[in-house]
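*Asks:* Below you'll find the structure I mean.
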Ligand code: MN3
C-alpha cells in the first residue's frame, strides 16, 4: 500500500514564501487523507500493487481512485518541486528548453502564472515534457496530465492552487502565492526530471 512520503525539508523551511502551518496541515492532513483514501479505494481491486503512475494512467477510474490517486501523485511531485535552496533562474538543460519553448524565462513565468491564476476553483498548474517540447497547462480538482483525456505529457513541475495550499497566509490573494512559488522552485530536481523524461 502507499505511504505518506516524508518531506525532504522541515515544515518551516519554505518560509516566508509558504508558511509552516500551511505546510503542516497540507502534508499531515490533506496529503495523508488522499493516501489513506487511495489505499482504501484500491484494496481488493486489480489496481492493488500497481505504481501510482500506472494507476493514474488507467482508463475509466472510479471517482475515489481518480481523486485520491491524483491527490497522492500530485502532492508527491509538488513537495519535491520545491526546496529551501530553490528559486532563482533555471539551470542546466531545462534552462535551454524553457528558452526554446517559451522564448524566455520571463515568458515562461508569465504563462505558468496565467495557467495557475485562471484555473477556476481548485486544481493544479503543470509544466510537462511533450514530444521533446515543454508545455504548460492546468487541470481541475486532483486530475493530472497522466490521466486519460487530460492536457500535457510527462509532468515535471506542478503548483497546487487549491485554497488549502495558500489561504492561511494569502487568503484570497492567489496571485501573491503564485509569485512566491517562484522563490522556492527546485530547478535542480526539475532539470533531473526533464532529462529523465526525454
Ligand atoms: Mn493540496
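In the numbering used here, the protein residues as written are 225 to 422.
For glycine and all other residues, C-beta sits at the position ideal for the given N, C-alpha and C.
Since the structure is predicted, the reported quantities are computational estimates derived from the model, not experimental observations.
1. So, using beta-carbon positions, are residue 313 and residue 329 closer together than 8 angstroms?
2. Nearer than 7 angstroms: is that true of the beta carbon of residue 350 relative to any heavy atom of the ligand MN3?
3. Would you mind sorting residue 366 into buried or exposed? The rule is 16 or more other CB atoms within 10 Å of its CB.
4. Residues in its own chain within less than 8 angstroms of residue 317 by CB, not counting five upstream and five downstream?
5. Looking only at C-alpha atoms, which of 311, 358, 384 sits nearest to residue 377?
6. For a quick check, are the C-beta atoms of residue 402 and residue 341 less than 8 angstroms apart?
7. For a test of the three-state rule: what should DSSP assign to residue 330, helix, strand or coil?
8. Under the three-state reduction of DSSP, which class applies to residue 375: helix, strand or coil?
9. Counting pairs of beta carbons, one from the segment 299-308 and one from the segment 404-415, are three or more of them closer than 8 angstroms?
10. So which of 325, 372, 229 has the shortest CA-CA distance to residue 283?
11. To which residues does DSSP link residue 357 through a beta bridge?
12. Quick check: does the Cβ of residue 237 come within less than 7 angstroms of any heavy atom belonging to the ligand MN3?
13. Grab me the residues of residue 343's own chain with a C-beta within less than 6 angstroms of its C-beta, minus the 5 sequence neighbours each way, in chain order.
14. How many angstroms separate the CA atom of residue 374 from the CA atom of residue 368?
*Replies:* Taking the definition as stated:
1. yes
2. no
3. buried
4. 415, 418, 419
5. Checking every option, the nearest Cα to that of residue 377 belongs to 358.
6. Their beta carbons are under 8 angstroms apart, which means residue 402 touches residue 341 by this criterion.
7. Three-state DSSP puts residue 330 in a helix.
8. coil
9. They touch, by the three-pair rule.
10. 372
11. 354
12. no
13. Within the same chain, Cβ atoms closer than 6 angstroms to the Cβ of residue 343 are found at 362, 385, the five residues on either side in sequence being excluded.
14. 7 angstroms
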